[in-house]
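Notes follow the structure.
In UniProt numbering, the protein residues as written are 1 to 929.
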């Protein structure tokens, strides 16, 4: 009777803000813990040739830093603005970025944080770092050149007292302008130790200025200059050089420029009309009217197309040839300059200069077709190259978030065999977590129970994979990024595997990673097809996954209705493969092998698998189909226990399933004639709660499929089911007895063997004497505890919390209810100290809500935009998963873990994160200088 009274009070207590397990806002701090992949808004590249790190700036204020062996980091600017400039302070562990509002930021790669920032007063239009130093040139919209320096000791940017105004430099050059001309380029001259800088004005004026001597060394861009169209013709349509034709330079606005020689004697300049001019700066400057540097012999014009209307030259970069005797032969990389309306390509020209540097000849051309719209490109020294000046390899960034790599050999092949159009494919960015080709269709993040055997089994599987005895996707050996240092904790992995990430793909394959630490590592890769056994539909997209840690068994369901069962422990003495249908079971012998193997394939219906769940004991597997039917398989004998139809209005798909111990049911389901519970099966068996898409709730015995209760519960208002959870709450007797509120009546219900029984529950005895009966006994036992089971139903438009007892009774009135103002698409429980304490919900607007349990009070609201700077996309919920403290998400080519709870954990501590700066390498390089 005391247990009965406790249950009565527990049901009532849940209606009055139970404090046990409730979350508070101070407990929550959602933030990105892990990020892999290229942001879809990627727009600008930077490279550190010593540390071998690549940085990618975005249009939304994020910076992605990529090293080797899966080492990646994501930096968030406080401002969600595009980056227009990005450069490393080479080998210093610092990255400088400039936002569209001209806010200059310096990032510390070791701490993954913003070291300092400086808001520039005018619009920055040109930026460059003096190689090997902490000095930077800045050009602005008013034609002013400034020099700033990052003071590491003080951790701040210092604006040095050195400025060059447009007025003074243009007057000294002999080309004053009545209006302020913006600076569009500042390039430190190679081999000048940063003392000479090329200043390019928007109107075409070029000035090579010596800072130490404070004088001009070269002036170019004279509007009266007569050009000769001889020297090079890189048009695809014209093979021979064109006739020498004199023309005036006129008003030509500069759109791109780069040094085109190792010594800085040749400058390549691109213009908005599609022209490219090579300026020979080896001759000294003189007074106006005597400009030997601006004679036609010192300027060579290049055109990619003979068309009258051409695209502006957007990007110019130069790669020096190792065989060049004059330091000027090499490859010129050009984006733009071709005929308007032509295919979007990146053009590579192989150029050779004459001995006197008077003419240049194009000896080869290749057009690299882009995988998407062009964003940026960068040249870098080849792997193993001792000199950072020999830039042999190429990165191309295209939208959305695609990064491709070409090494020098591939580029040379493209140019040399241009007529035969050789098949040279780029190396794609090797994703740690592959998302596309094939596309990820479903995912699951699982925290393994402590003390189990699964950690050891999975460690052995990972070891087998590393020895090459299993197939696994690998990155290209030519991949040039090797920077960063893994954390000691992630290398040692002394605690074993504690968390895993599972992903299923559109080709039927499945992958698993060790997600214990921020540096994820592959455990295994399984193809959809069973080796040496042809099963129709095995390569269909994976729709559901589940993993039983106790038996190290993996279940994979797909859209063709197949369920693959894998034993991850492997078997060295041969294996038995079971092919099970509704009418027969075939057993085949498979050869011995190491690592995971497929034990069985179940093929019952052609309906897609919508739900897949191992029982708590792991000896059964429940399968929910899109057609509304439910099957349970015996994992020991690999047989079908039953296949039943759910009572649903229109055979709605099975949305969610939960196993519950029969002993818990024993507490809630009473016989109308006896005080003791009557159950039809063994108390050690489990029952299944089934939540259909049309919000029908069925409860069946896990061994027989018989319905428990008298009818399925159907919500009054039509909605769309998302998920269901059975939650065990521990409530003390003293807490309940102190609750003085009126109590709810306690009903009893019998277990029905007939799945279609229509008998109704007995009315309870509500005599007044029951309210005071055995009060002394209750007081004596007030320190006892009760496990109260609650059922949480999550729908698109609402949350509903029921007692498990009311579900058995068929009661439709919930204990707690929350109506949503926007449609929800995904939910997950939140645990703190291993206890369920909240629920996180994602809405189709991209908003996250976190509510405490069991009171369902809102404690935190955030969004994909504020946390990750993502926008919600259709079907994003298909690949969302949670281990109750972290959420794993996929968007485009990006993968992320979001840590929910406040405080330090294994994903937030810098000691656990890989370091983005190698101090040992940095010190070694400084010693060699």
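By construction, the Cβ of each residue, glycine as well, lies at the ideal position given by its N, Cα and C atoms. Here the structure is a predicted model, which means the values were calculated and not measured.
1) Please report the straight-line C-alpha distance between residue 398 and residue 431, rounded to a whole angstrom.
2) So who's on the other strand from residue 399, going by DSSP bridges?
3) According to DSSP, is residue 819 helix, strand or coil?
4) Give the secondary structure of residue 838 by DSSP, where H, G and I count as helix, E and B as strand, and everything else as coil.
5) When the distance is taken between beta carbons, is residue 497 closer than 9 angstroms to residue 448?
6) Could you say which of 379, 911, 117 and 434 lies nearest to residue 320 if we only look at CA atoms?
7) Could you check whether residue 643 and residue 654 sit closer than 9 angstroms to each other, using their CB atoms as the reference points?
8) Taking residue 690 as the reference, give the member of 717, 656, 52 and 848 with the closest Cα.
9) Considering Cα atoms alone, identify which of 804, 192 and 848 is closest to residue 823.
10) Figure out for me which residue from 596, 565, 606 and 698 has the closest Cα to the Cα of residue 639.
11) Smallest Cα separation from residue 817: which of 113, 61, 791 and 489?
12) Quick one: is residue 379 near chain C, going by C-beta distance under 9 angstroms?
13) Quick one: any contact between the stretch 35-45 and the stretch 481-491, if contact means 3 or more CB pairs under 8 angstroms?
14) I'd like the list of long-range same chain contacts for residue 863, defined as Cβ closer than 7 angstroms, with 5 residues on each side in sequence excluded.
15) Identify the continuous alpha helix (DSSP H) that holds residue 414 and give its terminal residues.
16) Could you please give the first and the last residue of the uninterrupted alpha helix (DSSP H) stretch that includes residue 172?
17) Identify whether residue 64 lies in helix, strand or coil by the three-state DSSP scheme.
18) What do you get for residue 858, buried or exposed, if any count of 16 or more other CB atoms within 10 angstroms of its CB means buried?
19) Check the C-beta distance from residue 545 over to residue 504 and give it rounded, since I have them as a contact under 8 angstroms.
20) Here's the rule: buried if 16 or more other CB atoms are within 10 angstroms of the residue's CB, otherwise exposed. What is residue 87?
21) Helix or strand or just coil, what does DSSP make of residue 602?
22) With burial defined as no fewer than 16 other Cβ atoms inside 10 Å of the residue's Cβ, what is the status of residue 56: buried or exposed?
23) If you run the structure through DSSP and keep just helix, strand and coil, what is residue 652?
24) Could you pull the DSSP bridge partners for residue 843 from this structure?
25) Out of 124, 326, 347 and 328, state which residue places its alpha-carbon closest to the alpha-carbon of residue 335.
26) Going by DSSP, what residue range makes up the beta strand (DSSP E) through residue 462?
27) So what's residue 231 in DSSP terms, helix, strand or just coil?
28) Considering only their Cβ atoms, is the gap separating residue 610 from residue 719 smaller than 9 angstroms?
29) Determine the direct distance from the alpha carbon of residue 548 to that of residue 683, and round the result to whole angstroms.
30) I need the DSSP call for residue 281, collapsed to helix, strand or coil.
31) Just checking my contact of residue 930 with residue 520 at CB under 8 angstroms: how many whole Å lie between their CB atoms?
32) Rounding to the nearest angstrom, what Cα-Cα distance links residue 742 and residue 851 in this structure?
33) For residue 416 and residue 359, I'd like the C-alpha separation in whole angstroms.
34) Output needed for residue 919: all residues of its chain with C-beta closer than 6 angstroms, excluding positions within five of it in sequence on either side, in chain order.
35) Would residue 78 and residue 61 be called neighbours here (beta carbons separated by less than 9 angstroms)?
36) Going by DSSP, what residue range makes up the alpha helix (DSSP H) through residue 805?
Per the coordinate set shown:
1) 16 angstroms
2) 373
3) DSSP places residue 819 in strand when its eight states are reduced to three.
4) strand
5) yes
6) 379
7) no
8) When each option's Cα is compared against that of residue 690, the closest is 656.
9) 848
10) 565
11) 791
12) Included in the structure is just one protein chain, with no chain C present.
13) no
14) For residue 863, same chain residues with a beta-carbon under 7 angstroms away, outside a window of 5 residues either side, are 846, 847 and 848 in chain order.
15) Where residue 414 is concerned, the enclosing alpha helix (DSSP H) stretches over 408-416.
16) 166-173
17) strand
18) Label assigned to residue 858: exposed.
19) 5 angstroms
20) buried
21) Three-state DSSP puts residue 602 in a strand.
22) buried
23) coil
24) Listed as beta-bridge partners of residue 843 by DSSP are 824.
25) The option with the nearest alpha carbon to residue 335 is 347.
26) Segment 454-466 is the alpha helix (DSSP H) holding residue 462; no beta strand (DSSP E) there.
27) Residue placement at residue 231 cannot be trusted, given a pLDDT of 48 that sits under 50; what the coordinates show is reported in the next sentence. Of the three classes helix, strand and coil, the one that applies to residue 231 here is strand, per DSSP.
28) no
29) Confidence at residue 683 is low in this model, with a pLDDT of 45, below 50, so the placement of that residue should be treated as unreliable; the coordinate-derived value is given next. So the alpha carbons of these two residues sit roughly 22 angstroms apart.
30) coil
31) Residue 930 falls outside the range modelled here, since the chain spans only 1 to 929, and no answer is possible.
32) In this prediction, residue 742 has a pLDDT of 39, which is less than 50 and means its spatial position is unreliable; what the coordinates show is noted afterwards. Rounded to the nearest angstrom, the two C-alpha atoms are 27 angstroms apart.
33) Each residue's alpha carbon lies about 22 angstroms from the other.
34) Nothing listed; no residue qualifies.
35) Between residue 78 and residue 61, the C-beta gap is smaller than 9 angstroms, which places the two residues in contact.
36) 804-809
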